[in-house]
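Peer 1: In order, the protein sequence lines correspond to chains A and B.
Under our numbering, the very last position in the first sequence is 880; numbers go up by exactly one each time.
Under our numbering, the very last position in the second sequence is 880; numbers go up by exactly one each time.
Using N, Cα and C, we set each Cβ at its ideal position, and we do this for glycine too.
The structure presented is a predicted model; accordingly, all values stated were derived computationally and were not measured.
Just dropping this structure here.
2 protein chains.
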Amino acid sequence: MPMNALSTDLYQLTMMAGYFHRQALDVRATFELSVRRLPPHRSFLVAAGLEQALSYLEQLHFSADEIAWLQDLPAFAHVPPPFFDYLRSFRFSGDVWGMPEGTPLFPMEPMLRVSAPLAEAQLVETALLAIINFQTTVASKAVRIVRAAAGRSVMEFGARRAHGLDAALLAARASYLAGCDATSFVEAGREFGIPLIGTMGHSWILAAPTELDGFTSYARLFGDRTVLLLDTFDVDAATQTIVDSQLRPQGVRIDSGEDLAASARAVRDRLDRAGLTSTRIIVSGDLDERKIADLVAARAPIDTFAVGTALVTSEDAPALGGIYKLVEMEDEGVIRRVMKRSKGKNTWPGRKQVWRVSIGGRAARDVIAFDDEPAPAEASPLLQPVMHHGARTTAAPSLENSKRYCRRMTDALPHALLTLERSADYPVQPSEALEATIR
Amino acid sequence: MPMNALSTDLYQLTMMAGYFHRQALDVRATFELSVRRLPPHRSFLVAAGLEQALSYLEQLHFSADEIAWLQDLPAFAHVPPPFFDYLRSFRFSGDVWGMPEGTPLFPMEPMLRVSAPLAEAQLVETALLAIINFQTTVASKAVRIVRAAAGRSVMEFGARRAHGLDAALLAARASYLAGCDATSFVEAGREFGIPLIGTMGHSWILAAPTELDGFTSYARLFGDRTVLLLDTFDVDAATQTIVDSQLRPQGVRIDSGEDLAASARAVRDRLDRAGLTSTRIIVSGDLDERKIADLVAARAPIDTFAVGTALVTSEDAPALGGIYKLVEMEDEGVIRRVMKRSKGKNTWPGRKQVWRVSIGGRAARDVIAFDDEPAPAEASPLLQPVMHHGARTTAAPSLENSKRYCRRMTDALPHALLTLERSADYPVQPSEALEATIR
Numbered sequence: 442m443p444m445n446a447l448s449t450d451l452y453q454l455t456m457m458a459g460y461f462h463r464q465a466l467d468v469r470a471t472f473e474l475s476v477r478r479l480p481p482h483r484s485f486l487v488a489a490g491l492e493q494a495l496s497y498l499e500q501l502h503f504s505a506d507e508i509a510w511l512q513d514l515p516a517f518a519h520v521p522p523p524f525f526d527y528l529r530s531f532r533f534s535g536d537v538w539g540m541p542e543g544t545p546l547f548p549m550e551p552m553l554r555v556s557a558p559l560a561e562a563q564l565v566e567t568a569l570l571a572i573i574n575f576q577t578t579v580a581s582k583a584v585r586i587v588r589a590a591a592g593r594s595v596m597e598f599g600a601r602r603a604h605g606l607d608a609a610l611l612a613a614r615a616s617y618l619a620g621c622d623a624t625s626f627v628e629a630g631r632e633f634g635i636p637l638i639g640t641m642g643h644s645w646i647l648a649a650p651t652e653l654d655g656f657t658s659y660a661r662l663f664g665d666r667t668v669l670l671l672d673t674f675d676v677d678a679a680t681q682t683i684v685d686s687q688l689r690p691q692g693v694r695i696d697s698g699e700d701l702a703a704s705a706r707a708v709r710d711r712l713d714r715a716g717l718t719s720t721r722i723i724v725s726g727d728l729d730e731r732k733i734a735d736l737v738a739a740r741a742p743i744d745t746f747a748v749g750t751a752l753v754t755s756e757d758a759p760a761l762g763g764i765y766k767l768v769e770m771e772d773e774g775v776i777r778r779v780m781k782r783s784k785g786k787n788t789w790p791g792r793k794q795v796w797r798v799s800i801g802g803r804a805a806r807d808v809i810a811f812d813d814e815p816a817p818a819e820a821s822p823l824l825q826p827v828m829h830h831g832a833r834t835t836a837a838p839s840l841e842n843s844k845r846y847c848r849r850m851t852d853a854l855p856h857a858l859l860t861l862e863r864s865a866d867y868p869v870q871p872s873e874a875l876e877a878t879i880r
Numbered sequence: 442m443p444m445n446a447l448s449t450d451l452y453q454l455t456m457m458a459g460y461f462h463r464q465a466l467d468v469r470a471t472f473e474l475s476v477r478r479l480p481p482h483r484s485f486l487v488a489a490g491l492e493q494a495l496s497y498l499e500q501l502h503f504s505a506d507e508i509a510w511l512q513d514l515p516a517f518a519h520v521p522p523p524f525f526d527y528l529r530s531f532r533f534s535g536d537v538w539g540m541p542e543g544t545p546l547f548p549m550e551p552m553l554r555v556s557a558p559l560a561e562a563q564l565v566e567t568a569l570l571a572i573i574n575f576q577t578t579v580a581s582k583a584v585r586i587v588r589a590a591a592g593r594s595v596m597e598f599g600a601r602r603a604h605g606l607d608a609a610l611l612a613a614r615a616s617y618l619a620g621c622d623a624t625s626f627v628e629a630g631r632e633f634g635i636p637l638i639g640t641m642g643h644s645w646i647l648a649a650p651t652e653l654d655g656f657t658s659y660a661r662l663f664g665d666r667t668v669l670l671l672d673t674f675d676v677d678a679a680t681q682t683i684v685d686s687q688l689r690p691q692g693v694r695i696d697s698g699e700d701l702a703a704s705a706r707a708v709r710d711r712l713d714r715a716g717l718t719s720t721r722i723i724v725s726g727d728l729d730e731r732k733i734a735d736l737v738a739a740r741a742p743i744d745t746f747a748v749g750t751a752l753v754t755s756e757d758a759p760a761l762g763g764i765y766k767l768v769e770m771e772d773e774g775v776i777r778r779v780m781k782r783s784k785g786k787n788t789w790p791g792r793k794q795v796w797r798v799s800i801g802g803r804a805a806r807d808v809i810a811f812d813d814e815p816a817p818a819e820a821s822p823l824l825q826p827v828m829h830h831g832a833r834t835t836a837a838p839s840l841e842n843s844k845r846y847c848r849r850m851t852d853a854l855p856h857a858l859l860t861l862e863r864s865a866d867y868p869v870q871p872s873e874a875l876e877a878t879i880r
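Following this line, the structure appears as structure tokens:
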């Protein structure tokens, strides 16, 4: 991931220069990252990207080259040299609270809270939003797809349709976090320890003298991990070729066809009659949560869904609209809560905590309160301290632990939130003190 | 951009092992990258990403760490050691033809053609698709937005909503290539020389003692490059504050409001009456080509549109569905053209060229022909040789030149293709020889 200090919007740097010039470097600010509205169809979001956000903050600095380049920009023509000296020693020194990755969350809830000298907190806005918006978008899509699969296995196969290779890597991570079982993207296996899965491409079959030869030579090399592709020419004929050949592949994949349920049934039947009852059927090809739900409802004998485009681009809602807003300032010990009052774009003031109130082990409502208010009854705080004075306060949880946490927290949501169409709004309330301040 | 050799799908590596094992390393293959269908509303696409694709191919290699890690993967448990020795000396040695960046193109037309030893051509599929799919998606969206603006300036402001920071960088590049005038993303200025633009954030105003103080202190530092943000509290009041303050900002920005046209008119009127006739009005806030077309049709006095989410995620069509398919094999001097015949997913065989036939300086139709066929009359070839034996054959064109080329080639399309709704299909025909082979 390109994580240099220039991966930001120009106005963050000009505002920094402004704060420096205004001698406002000692002013501390708190910004909160949240989402104003749920994307279409979704009833909740799944927080993701905190780990990469913290890595970005930890290593943030300006290189000598970057500073020299900035100094030559026309925009900085009138900015006096001391500002660039300040950049030379710049490090992020703030405190950060965040929702653990995998937390289901709702509009208006801060999922990240940054308290730092104003210029530092400002600079990091663009990168924090880009990092967290994207992974949260994909995790929130993945959880829908995994739920639709109703216990069948889901694999992420989307690298080629992701928004570049870096997006492919992070999409694989967010998908796994939110419940997928594996990825096809090798770098995600190496970087994050995500289980890898692979089959074969149509080109393998096309490049072989015959389809049978393509199947047998692959099986010789990959043994009991072999997954054979059925639809290069004709699915039924390819299945019969496998049966006749005495191969016993771990799986077969169907990547096209107008009626995948019927196709899977015909393949299952042919395999079963030949005694290949443990050969799994993998289906791929422009799948999404709705097509998967239909295949599950039709009781199609599919063991694994491999999902690409719809998952890694969150195709029906590819952007989240997360925002990062100033909510509090502290200058010479005086704390001032601030809010933006534009119509339809208002924010809630003050440094806040989100409480999830549970009844009988199930989430009942969330309360957004000032961070110094006492805990509501039966409530757990969702924001946790993760960085103090620019250093992490705890080791990052393993991706496996985050995945389990996501599953547990999602399972604890009201059932009405777990449908593919939004059928209920989860109650999120400001505390009485927050509500009084907003008014 | 993470461009290591493991940025690929697992099956590319298992197929490589298969080709090695099958002693098929001397078999040369040609793959072509194309798109089967236009995304909704679009009448054409704009090729982009070739430059990053070639950089990827040039530097592609396996590090010792990567090879050791691969060798330990369960998938490779039965693959004999010589394959890993082969990876140690692996470099991409193929020939590549590509459409220059900025070329308008259509379904079924190869925009990239890779001829290389089978295992090499196979490995690079995932990365080439991820790189080219994404930038082509954004360029194809950007050209719509720029056309809708009808000569008014368009700025790319979307980094925070891009699919990560790497996507932000490449989206800025593709947007500029396809006609945007500048970006807010600083790294894109440094990496690609794209003009930068910045304004101020709402936080700057919220952090100031008063809105007036926020305006004046910024103007003192940034002089005639100052752009002031009007909608932190109330647009009209902020405009009056500027007028009363005797500031003469280069521009003002309106970032929210239910009726941007009315808002811009009121601001323009107030500025003009105070003699601020050269202060430009910039509008931002969830704009897309349709909203821009409406504002232009309403003759709203807007000088510059700043576009974010819709542009960098290509929100209404965030994935392209590009494919990379084997079309030809050459083994011991024997050439074999191949095609996949799956229903709805067929490909056209053989190594091909795309010819654009022009009549009176305007594109009339494209012809897809085998690469050894003679040129049709009045036709120019769209695929150019860009890499030979793994090395670039020409210096990359400057981004400025690609931008001008894009403009010229787009201007030469039939007018009916330049509308926001698809109203006409551009004729793309296979040559007689190609058609005969397909049959």
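So which of His-604(A), Ile-646(A), Thr-577(A), Leu-606(A) has the shortest CA-CA distance to Tyr-617(A)?
Peer 2: Counted from its first residue, the first sequence places residue 617(A) at position 176. The option with the nearest alpha carbon to Tyr-617(A) is Thr-577(A).
Peer 1: So the candidates are Pro-826(A), Gln-794(A), Thr-835(A), Glu-730(A); which of them puts its Cα closest to the Cα of Ala-820(A)?
Peer 2: Translated into the one-based positions of the first sequence, residue 820(A) becomes position 379. For the residues Pro-826(A), Gln-794(A), Thr-835(A), Glu-730(A), the minimum Cα distance to Ala-820(A) belongs to Gln-794(A).
Peer 1: Return the Cβ separation of Val-708(B) and Thr-680(B) in integer angstroms, given the expectation that the two are a contact with Cβ distance under 8 Å.
Peer 2: In the second sequence, counting from the first residue as 1, residue 708(B) sits at position 267. In the second sequence, counting from the first residue as 1, residue 680(B) sits at position 239. Rounded, the Cβ-Cβ distance is 5 Å, consistent with contact.
Peer 1: With 8 Å as the threshold, decide whether the Cβ of Trp-510(A) is near any Cβ in chain B.
Peer 2: Working through the first sequence from its first residue, we reach residue 510(A) at position 69. Taking Cβ atoms only, chain B reaches closer than 8 Å to Trp-510(A), which makes this a yes.
Peer 1: In terms of alpha-carbon separation, which member of Asp-513(A), Phe-533(A), Ile-572(A), Leu-559(A) lies closest to Glu-408(A)?
Peer 2: The displayed coordinates of chain A run from 442 to 880. Any statement about residue 408(A) would go beyond what the structure contains.
Peer 1: Just to confirm, is the Cβ distance from Lys-445(B) to Glu-628(A) under 8 Å?
Peer 2: Residue mapping note: residue 445(B) aligns to position 4 of the second sequence, counting from 1. Residue mapping note: residue 628(A) aligns to position 187 of the first sequence, counting from 1. Going by the sequence as given, residue 445(B) is Asn instead of Lys. In this structure, Glu-628(A) lies closer than 8 Å to Asn-445(B) by Cβ.
Peer 1: Determine, using beta carbons only, whether Thr-455(B) comes closer than 8 Å to chain A.
Peer 2: Here residue 455(B) refers to the residue found at position 14 of the second sequence. So yes, Thr-455(B) belongs to the interface.
Peer 1: Distance check for Asp-710(B) and Ser-704(B), CA to CA, integer angstroms please.
Peer 2: What you label residue 704(B) is simply residue 263 of the second sequence in a count that begins at 1. What you label residue 710(B) is simply residue 269 of the second sequence in a count that begins at 1. Straight-line Cα distance between these residues: approximately 10 Å.
Peer 1: Examine the Cβ distances between the stretch 760-767 of chain A and the stretch 743-751 of chain A and report whether three or more of them are shorter than 8 Å.
Peer 2: With a cut-off of 8 Å, the stretch 743-751 of chain A and the stretch 760-767 of chain A do not count as touching, because too few Cβ pairs lie within range.
Peer 1: Tell me whether the beta-carbon of Leu-546(A) lies closer than 8 Å to the beta-carbon of Ala-488(A).
Peer 2: Walking along the first sequence from the start, residue 546(A) turns up at place 105. Walking along the first sequence from the start, residue 488(A) turns up at place 47. The answer is yes: Cβ separation under 8 Å.
Peer 1: Give a yes or no on whether 8 Å exceeds the smallest Cβ distance from Glu-756(B) to chain A.
Peer 2: Position 315 of the second sequence, counting from 1, holds the residue named residue 756(B). Interface residue, yes.
Peer 1: Give the range of the alpha helix (DSSP H) segment to which Val-565(B) is assigned.
Peer 2: As a working mapping, residue 565(B) is identified with position 124 in the second sequence. Element bounds for Val-565(B): n/a, residue is neither H nor E.
Peer 1: Mapping the DSSP letters down to three states, classify Thr-718(A) as helix, strand or coil.
Peer 2: Taking the first residue of the first sequence as 1, we reach residue 718(A) at position 277. Three-state DSSP puts Thr-718(A) in coil, outside helix and strand.
Peer 1: Note down, in chain order, every chain A residue with its Cβ under 8 Å from the Cβ of Phe-575(B).
Peer 2: The residue you call residue 575(B) lines up with position 134 of the second sequence. Simply Ala-603, His-604, Gly-605, Ala-608.
Peer 1: Can you find the residues in the same chain that come closer than 7 Å, C-beta to C-beta, to Thr-455(B), ignoring five residues on each side of it along the sequence?
Peer 2: Along the second sequence, one-based indexing puts residue 455(B) at 14. For Thr-455(B), where only same-chain residues beyond five positions count, the Cβ hits under 7 Å are Ala-516.
Peer 1: Just to confirm, are Ile-646(A) and Val-693(A) a CB contact at a threshold of 8 Å?
Peer 2: Position 205 of the first sequence, counted from the start, is the residue given in the question as residue 646(A). Position 252 of the first sequence, counted from the start, is the residue given in the question as residue 693(A). Contact flag unset, no.
Peer 1: Suppose only complete runs of 4+ residues qualify. What are the alpha helix (DSSP H) ranges in the stretch 462-506 of chain B, listed by chain order?
Peer 2: Taking only runs of at least 4 residues, the alpha helix (DSSP H) segments lying wholly in the stretch 462-506 of chain B are 491-500.
Peer 1: Taking Tyr-765(B) as part of the beta strand (DSSP E), name the residues at either end of that continuous run.
Peer 2: Along the second sequence, read from residue 1 onward, the residue named residue 765(B) stands at position 324. Per DSSP, Tyr-765(B) belongs to the beta strand (DSSP E) from 763-772.
Peer 1: What span of residues does the alpha helix (DSSP H) with Trp-796(B) cover, start to end?
Peer 2: By one-based count along the second sequence, residue 796(B) stands at place 355. Taken as a continuous stretch (DSSP letters only), Trp-796(B) belongs to no alpha helix (DSSP H), being part of the beta strand (DSSP E) at 793-800.
Peer 1: Once you ignore the five residues that flank Pro-690(B) on each side, which residues in its own chain have a CB closer than 7 Å to its CB?
Peer 2: Within the second sequence, the letter at position 249 stands for residue 690(B). So the qualifying residues of the chain are Ala-660, Thr-667, Val-668, Leu-669, Ile-683, Thr-720.
Peer 1: If the cut-off is 7 Å on Cβ atoms, which residues from the stretch 629-660 of chain A count as contacting chain B, listed in chain order?
Peer 2: Within the stretch 629-660 of chain A, the qualifying residues are Arg-631, Leu-637, Ile-638, Gly-639, Thr-640, Met-641, Gly-642, His-643, Ser-644, Trp-645, Leu-647, Ala-648, Ser-658, Tyr-659.
Peer 1: Could you check whether Leu-824(B) and Gly-539(B) sit closer than 8 Å to each other, using their CB atoms as the reference points?
Peer 2: To locate residue 539(B), count along the second sequence from 1; it is residue 98. To locate residue 824(B), count along the second sequence from 1; it is residue 383. Yes, Cβ-Cβ distance for Gly-539(B) and Leu-824(B) is below 8 Å.
Peer 1: Could you check the C-alpha separation between Leu-736(B) and Phe-531(A) for me, to the nearest Å?
Peer 2: Counting from 1 along the second sequence, the entry for residue 736(B) is found at position 295. Counting from 1 along the first sequence, the entry for residue 531(A) is found at position 90. Going from the Cα of Leu-736(B) to the Cα of Phe-531(A) covers about 43 Å.
Peer 1: Kindly say whether Pro-558(B), judged by its beta-carbon, lies nearer than 8 Å to any beta-carbon of chain A.
Peer 2: As a first step, residue 558(B) is located in the second sequence; it is residue number 117 there, counting from the start. Closer than 8 Å: no.
Peer 1: Beta-carbon within less than 7 Å of Met-457(B)'s beta-carbon, same chain only, minus the 5 sequence neighbours each way: which residues are those?
Peer 2: Start at 1 with the first residue of the second sequence, and residue 457(B) comes out as number 16. Once the five neighbours on either side are set aside, the close Cβ partners of Met-457(B) are Ala-560, Gln-563, Leu-564.
Peer 1: At 4 residues or longer, what runs of the alpha helix (DSSP H) sit wholly inside the stretch 673-750 of chain B?
Peer 2: Those alpha helix (DSSP H) runs which fall completely within the stretch 673-750 of chain B and span 4+ residues are 676-686, 701-714, 730-738.
Peer 1: Nearest CA to the CA of Ala-613(B): which residue from Gly-791(B), Glu-499(B), Val-579(B)?
Peer 2: By 1-based counting over the second sequence, the position of residue 613(B) is 172. When each option's Cα is compared against that of Ala-613(B), the closest is Val-579(B).
Peer 1: If we count the other Cβ atoms within 10 Å of its Cβ and call it buried at 16 or more, is Ala-678(A) buried or exposed?
Peer 2: Counted from its first residue, the first sequence places residue 678(A) at position 237. It counts as exposed.
Peer 1: Would the beta-carbon of Leu-881(B) fall within 8 Å of that of Leu-701(A)?
Peer 2: This structure does not reach residue 881(B), given that chain B is present from 442 up to 880, and the question cannot be answered.
Peer 1: I'd like the list of long-range same chain contacts for His-502(B), defined as Cβ closer than 8 Å, with 5 residues on each side in sequence excluded.
Peer 2: Here residue 502(B) refers to the residue found at position 61 of the second sequence. Ala-446, Phe-531, Arg-532, listed in sequence order.
Peer 1: Along the beta strand (DSSP E) that carries Arg-803(B), what are the first and last residues, could you check?
Peer 2: One-based indexing of the second sequence puts residue 803(B) at position 362. Note, Arg-803(B): beta strand (DSSP E), 803-811.
Peer 1: Can you tell me which of Tyr-497(A), Pro-815(A), Gly-459(A), Thr-834(A) puts its alpha carbon nearest to the alpha carbon of Met-641(B)?
Peer 2: Your numbering for residue 641(B) matches position 200 in the second sequence. Ranking Tyr-497(A), Pro-815(A), Gly-459(A), Thr-834(A) by Cα distance to Met-641(B) puts Gly-459(A) first.
Peer 1: Keeping to the same chain, check which residues put their C-beta closer than 6 Å to that of Arg-611(B); ignore five residues upstream and five downstream.
Peer 2: As a first step, residue 611(B) must be located in the second sequence, where it is residue number 170. For clarity, residue 611(B) is Leu in the given sequence; the question names Arg instead. Excluding positions up to five away in sequence, the list reads Gln-576.
Peer 1: Quick one: grab the DSSP three-state call for Asp-450(A).
Peer 2: Taking the first residue of the first sequence as position 1, residue 450(A) is located at position 9. Strand, per DSSP.
Peer 1: How would you label Val-775(A), buried or exposed, when you count the other beta carbons within 10 angstroms and need 16 or more for buried?
Peer 2: For the purposes of this step, residue 775(A) is taken as residue 334 along the first sequence, with counting starting at 1. Val-775(A) comes out exposed.
Peer 1: Anything in the stretch 463-479 of chain A with a Cβ closer than 9 Å to a Cβ of chain B? List those residues in chain order, please.
Peer 2: Of all residues in the stretch 463-479 of chain A, Arg-463, Ala-465, Val-468, Ala-470, Phe-472 have a Cβ within less than 9 Å of some Cβ in chain B.
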